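Student: Before anything else, here's the structure in question.
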Amino acid sequence: MYQKQIVYDRKTGDFALYLNGELVGYAPTYLEAETRLNRLVYDLLSKPILQPTIEPSTPTDDAYVA
């Protein structure tokens, strides 16, 4: 579902984090990069697709403009 990639950046000395080919951040160590990517994917997978909306069952007086 998600493609994760960690690449060492020689210029910065950090590890670049890629998710589905898009740069999403940097981390100072490989372990930290792996942890951040895993957390990001977990957050994306656990986020509800649709948020339920709460609408009033009856219109309020504010809805009527004379």
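Going by this note's numbering, the first residue of the sequence shown is number 863, and it counts up by one from there.
All C-beta atoms in this analysis are idealised placements derived from N, C-alpha and C, irrespective of residue type, glycine included.
These figures come from a predicted structure and were not determined experimentally.
(1) Let me check one thing: in DSSP terms, what residues is Glu-884 bridge-paired to?
(2) Go ahead and label Leu-806 buried or exposed: buried means 16 or more other beta carbons lie within 10 angstroms of its beta carbon, across all protein chains shown.
(3) Mapping DSSP to helix, strand and coil, what is Tyr-892?
(4) Pull the bridge partners of Gln-867 from the DSSP assignment, please.
(5) Alpha carbon to alpha carbon, what distance is there between Arg-901 and Tyr-870?
Tutor: So, from the data block:
(1) Leu-881
(2) Because the chain in this structure spans residues 863 to 928, residue 806 falls outside the shown range and cannot be described.
(3) DSSP, reduced to helix, strand and coil, places Tyr-892 within a helical segment of the structure shown.
(4) Tyr-880
(5) 19 Å
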